[in-house]
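Participant:
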Amino acid sequence: MATLTSAQARRIAVAAQGFHEPKPRGAVTRAHLRRLISRIQVLQLDSVSVAVRAHYAPVFSRLGPYDRETLDRAAWSHSARSPRLLVEYWAHEAALMAVEDWPLLRWR
Numbered sequence: 001m002a003t004l005t006s007a008q009a010r011r012i013a014v015a016a017q018g019f020h021e022p023k024p025r026g027a028v029t030r031a032h033l034r035r036l037i038s039r040i041q042v043l044q045l046d047s048v049s050v051a052v053r054a055h056y057a058p059v060f061s062r063l064g065p066y067d068r069e070t071l072d073r074a075a076w077s078h079s080a081r082s083p084r085l086l087v088e089y090w091a092h093e094a095a096l097m098a099v100e101d102w103p104l105l106r107w108r
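Per my numbering, the sequence shown starts with residue 1, numbered consecutively.
1. I'd like to confirm the pairing. Which residues does DSSP put opposite V88 in its beta bridges?
2. Determine, using beta-carbon pairs with one atom in the stretch 69-77 and one in the stretch 7-25, whether at least three such pairs fall under 8 angstroms.
3. Using 8 angstroms for Cβ pairs, my map puts A57 next to L45. What's the rounded Cβ distance?
4. So, helix, strand or coil for V59, using DSSP?
5. Buried or exposed, going by whether 16 or more other CB atoms sit within 10 Å of the CB of R39?
6. Considering only residues of the stretch 20-59, which uninterrupted alpha helix (DSSP H) runs meet the minimum length of 4 residues and lie entirely inside it, listed in chain order?
7. Within the same chain, show all residues whose beta-carbon is closer than 8 angstroms to that of V99, passing over the 5 residues directly before and after it, in chain order.
8. Tell me, to the nearest whole angstrom, how far the beta carbon of L36 is from that of V59; I am working on the premise that it is less than 8 angstroms.
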């Protein structure tokens with residue numbers, strides 16, 4: 001059986017959450033948000049905010065400074081030119097998740 005040092009385990013955990021990737025140059029786009037959500041799966045929603053609402057912090061920690069309107073539009077706006085990227089759903093908590101993953105959680 002292979003063993004890991006605590007440093008190796010830490011690096012694996014950090015990389016799995018997307019913290020190892022460089023921050024984007026320039027403005028954060030919907031494409032950046034799509035890649036982030038495909039990695040972390042959900043952004044937990046919580047109306048309690050000490051600094052900012054809970055779903056904004058994970059994006060900032062992984063992508064750096066960004067216009068929160070980009071995330072808001074991806075979650076709560078829909079048009080033919082810019083279809084909705086995220087949907088609000090009760091995953092394990094109230095969360096935003098990728099629209100294409102929504103059918104996976106339908107009632108059976």
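Cβ atoms here follow ideal geometry from the backbone N, Cα and C, with glycine treated the same way.
Facilitator: Inspection of the coordinates gives the following:
1. Note that residue 88 is Glu in the sequence shown here, rather than Val. Answer is L96, bridged to E88.
2. no
3. Not quite, the Cβ-Cβ distance comes to about 12 angstroms (not below 8 angstroms), so this is no contact.
4. helix
5. Under this definition R39 is an exposed residue.
6. Runs of the alpha helix (DSSP H) lying entirely within the stretch 20-59 and spanning at least 4 residues, in chain order: 30-40.
7. P83, R84, L85, L86 and V87
8. Right, the Cβ-Cβ distance comes to about 7 angstroms (below 8 angstroms), so this counts as a contact.
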